[in-house]
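Reading through the C-alpha cells given below for one structure.
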Amino acid sequence: MRLSQMLFVTLREDPAEAEIPSHKLLLRAGYMRRIGSGVYAYLPLLWRVLQKISQIVREEMNAAGAQECLLNQLQPSELWKESGRWETYTQAEGIMFALTDRQGRELGLGPTHEEVITAVARDMIRSYRQLPLNLYQIQTKFRDEIRPRFGLMRGREFIMKDAYSFDVDEAGMKRSYGKMHDAYHNILRRCGLAFRAVDADSGAIGGSGSQEFMVLAEAGEDEVLYTEDGQYAANVEKAVSRPAEAVPSSFKTYEKRETPNTPTIASLAKFLDCSPTQILKNVLYQVTYNSGMELLVLVSIRGDQDVNEVKLQNELTKLAGDYKATAVIGLKVPDAEAQQQWATQPLPLGYIAPDLPDSYIQPSKTLVAQFLRLVDQTAVELKNFVTGSNESGFHVVGANWGSQYPLPRLALDLRKASVGDRALHDPSQLLQSARGIEIGHIFQLGNKYSKALNATYTNEQGEEVPLMMGCYGVGVSRLAQAAVEQSYDKDGIIWPVAIAPYQVIVVAPNAADQDQMAAAEQIYNALNQAGVEALLDDREERAGVKFKDAELVGIPYRIVTGRSLQQGKVEVVTRATKASQEIQLDQVVATIRQWIDAELAQ
RNA sequence: CGGGAUGUAGCGCAGUAGGUAGCGUGCCUGCUUUGGGAGCAGGAUGUCGCAGGUUCGAUUCCUGUCAUCCCGACCA
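Sequence positions in the first sequence follow our numbering and run 3 to 604.
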C-alpha cells in the first residue's frame, strides 16, 4: 500500500478523550475514531490488525477441532426468558441493549450467545454420536456498559470470538475445556503477548471452573495474584491464600472497656495496644435480591482482613432461594441514608458486635427481619478476641465464640487474598501482585443452559441427558489494544510482527530525489512479490515527518533508501530496538523475509 | 445510578465587563528547503452542543436539555 493513497491521518497531540497510552496512540496514529460513547470506527490500519488477530484465533480454534459459524445478533427475548437471564440482563445488570420492534416483539442485541447456541444445539443435536462439538464465531458484540472506558478496552460494541462446546459428560467437557485452554495459550503466544492464565470468578455467566487470560500491563483493570514458582495464579476476586498467623491474644478475661474514638481497626488496635489479628471486625452489608427482598448481612472477619465482595456475592447468590429469588442485583455497605430506611435506632457504627440485635431492623414487607450472620474462616479460630459491644465508645476484650457469642451457622471463605499472603500449596511461596487486562475467559458451564433450554441428547443407554457445555471468549478488539498497552515507547506503537498492520515500511527520505524514489519503488515491489506486507511512504513529506509517522504507527521494520544508496545499500531499522544496519540492495528483501519468518515462527 | 468536570475551526486550547471570535497545530496555493514533525508569503474553515428566556442586541447572563470525559459498583 502506498501511503500517498491511503486514508492516513496522524495527530500531533494526544486527543483529550484518551487517558491511557494505548488509547492515545491508536487515536493519534490514525487507527480508529470515536463515533459515540464506547463506539469506535475501525479504520483501515486497525482493521488489518483485527483481521490478523482473528486469523490467528481462527487457525488455533480450527486446529483444536472447533467449527466456525456466524450467529444472529438480534435475539428474541423468549430465548433469554427461557434461560432466566432476560430480567437480569436488561434490568439488574442492564448490560443488554433491548428493543421492541414494530410488531411489539422484544429483542436484545447479542451481548453473548449461550441462549442462541443452546437453541441450535437443542434443535440439531440428537445423539451422543454427534458429540463432542465445538462451535465458534468471530463477531461484534453489544453490551450497554455502564461506563465505557479506555477506547477498545471497554466498548459498548466490540469484536469477540466466542466458542461453545458440547459434550456427553463432565469428563468430556473438561477435555474440551482443556483444548481451549491450550488453544488460548497458543493464540496469545502467537500474538506476541506476555500473559498469564489465572483462576477466575465465573460471574454472571455461571458455571464451575473458569480461567481468565490476562495480558500483563500496568493499565490493566484487574489485579492478579500469583506465586513465583508458577504453581498458582488467580484473579484477586477469586484468589485464596493463607492469611498471616494471628498473634495470640493478650486478653485473658472477658470484660467491657471504654474505648473512645476508636471506630476503625487501626485506631482500636493502637488504643488497646494489640494486633489487628486479635480483633473481630463486623461489617454490615445490604443485599437486594431480584425477588425484591432486601437482606441485611453481618459479616464477622478478622480485623486485619478485608471482605472480598465478589466471594460474598457468590455466597449470597447460593442463598437466593431462601428469599424466593434467583439472583443478587445489589450489594452495598449501607450509607447513612440507606440505614435510615430500616434502622429503628442509630447503629453503633464502629462498635458493632456479632450479636447486633435484630431489633435494629424496622419490620417491613420487603426487608428480612433478621440479620444474616456470616463468619469468615479467619474469625472462627479466634480466641479471647476484641470486638464491639453494640454501644458507641465501648468494646469488649477476651471474648470467645460459644461463650459470649454463638458462632454463626455459616462459616465461609469471604476474605480477600492480598499481596504477601502465603500460598495454600506451599506456605514458603508468597503471593505477588500484577495488573492485567482480561482478554480471554474460559468457562466450564456444565448443564446450566442446556437444562434451562431443555437441550438434550440421547446417550448410549437411550436416555435423554442435558448437554454438558463450556464457553470460551476472546476479546479480539480488546486484544489489539492490549498489545499496544504492552508494547510502546515515547515515539509510538511497537507492534509484534504477527499482528502488525504491515510488516515493513519503505521510506524514501527525499521524495524529490529520483534515485531514492526509484530504489524505494523497486524494493516495495520486490517485497510484495516475496509476500511481505509492505507500506511505501511515497508522500511528498520531509524525512522527519516520515520517520515520526513510521514510528508512531509502529511498523516493525523500516527500510530507508537514503544516503547509503551511494554504496548500493539501504538502511534497515528495527522499530522495537531502533537498531539500524546497512544491507546490500539486492539482499534486503531476502533478509527481511528471513527476519519476519523467524518472528512468526515463535 | 451517585460524585466531579467539560462542550468554541479537523485536533489541542484561549476569549468575549453582552456589540456575531482568536492562538497553536493541521488543511489549501506558491517559492525555498530536503535524514528527525522545516522557512517565508498568501488563503480557506465555525449554527461558539441544542432549546427557551432576559435584552435594541446573547457565544457571553438565566432556565432547561442533550452529549462527552473523569472517580466508584459490572465485563471479552
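Quick reminder that beta carbons are idealized off the backbone N, C-alpha and C, glycines included.
Because the structure is a prediction, the values reported are computed rather than measured.
What does DSSP give as the partner residue(s) for His443 in the beta ladder? Glu214, Gly475
Note down, one range per segment and in chain order, each alpha helix (DSSP H) of at least 4 residues found wholly within the region 385-471. 450-454
For Thr120, does the count of other Cβ atoms within 10 angstroms reach 16, so buried, or fall short, so exposed? buried
Which residue from Asp337, Thr279, Glu62 puts its Cα closest to that of Lys385? Thr279
Cβ-Cβ separation, Val301 to Leu416 (assumed contact under 8 Å), whole Å: 6 Å
With respect to the beta strand (DSSP E) encompassing Ala43, which residues constitute its N-terminal and C-terminal limits? 41-44
Hey, could you find the ends of the alpha helix (DSSP H) Asp588 is sitting in? Neither: Asp588 is in no alpha helix (DSSP H) and is coded neither H nor E.
In chain order, what are the residue ranges of uninterrupted beta strand (DSSP E) at least 3 long that sit wholly in the region 34-96? 34-38, 41-44, 76-78
Looking only at C-alpha atoms, which of Gln518, Leu567, Val534, Ala485 sits nearest to Glu220? Ala485
Less than 8 Å between the CB atoms is what I'm expecting for Leu52 and Tyr42, so what's the real figure, rounded? Going by Cβ atoms, the distance from Leu52 to Tyr42 rounds to 11 Å, so no, they are not a contact pair.
Could you check which residue in Ala522, Val476, Glu116, Phe445 has the C-alpha nearest to that of Gln57? Val476
The region 323-335 touching the region 276-294, judged by at least three CB pairs closer than 8 Å: yes
Please state whether DSSP places Phe373 in a helix, a strand or coil. coil
Counting only runs that start and end within the region 101-134, where is the alpha helix (DSSP H) found for 4 or more residues in a row? 116-126
Assign Glu80 to one of two classes, buried (16 or more other C-beta atoms within 10 Å of its C-beta) or exposed (fewer than that). exposed
Residue span of the alpha helix (DSSP H) that contains Tyr179, given as start and end: 172-192
Where Asn263 falls, given that 16 or more other Cβ within 10 Å makes a residue buried: exposed
Please name the residue, chosen from Ala425, Leu76, Leu282, Asn461, that lies closest to Gln434 on a Cα-to-Cα basis. Ala425
N-terminal and C-terminal residue of the alpha helix (DSSP H) that Lys367 is part of: Counting along the chain, Lys367 falls outside any alpha helix (DSSP H), and DSSP gives it neither H nor E.
Return the CA-CA distance between Pro23 and Pro17, expressed in angstroms with no decimal places. 11 Å
Our contact map puts Gln446 next to Asp378 with C-beta atoms below 8 Å; I'd like the distance itself, whole angstroms only. About 27 Å; that fails the 8 Å criterion.
Going straight from the alpha carbon of Arg145 to that of Ile161, what length do you get? 11 Å
Excluding the 5 residues flanking Arg541 on each side, which residues of the same chain have their C-beta closer than 6 Å to its C-beta? Leu5, Ser6
Quick check on the DSSP output: what are the complete beta strand (DSSP E) runs of length 3 or more inside the region 293-328, in order along the chain? 296-304
DSSP-derived helix/strand/coil call for Glu257: strand
If you follow the beta strand (DSSP E) that Glu542 is in, where does it begin and where does it stop? No beta strand (DSSP E) holds Glu542; DSSP gives it neither H nor E.
Taking 8 Å as the threshold, find out whether the region 221-229 comes into contact with the region 158-176 through three or more Cβ pairs. no
Three or more C-beta pairs closer than 8 Å, one from the region 555-574 and one from the region 499-511: is that the case here? yes
Mark Val572 as exposed unless 16 or more other C-beta atoms lie within 10 angstroms of its C-beta, in which case mark it buried. buried
Return the bridge partner residues of Arg480 from the DSSP annotation. Beta-bridge pairing links Arg480 to no other residue.
Cut-off 7 Å between Cβ atoms - residues of its own chain near Glu62, not counting five sequence neighbours on either side: Ala185, Asn188, Ile189
Around the C-beta of Cys276, are 16 or more other C-beta atoms found within 10 angstroms, so that it is buried, or is it exposed? buried
Could you spell out where the beta strand (DSSP E) holding Ser167 opens and where it closes? 159-169
Heavy atom of the ligand ATP within 7 Å of Ser394 beta-carbon: By its list of ligands, the structure shown contains no ligand whatsoever, and the ligand ATP lies outside what it can speak to.
Report the CB separation of Asn292 from Thr328 in whole angstroms; it is logged as a contact under 8 Å. 6 Å
Going by Cα to Cα distance, which pick from Leu374, Gly494, Asn461 is closest to Leu13? Gly494
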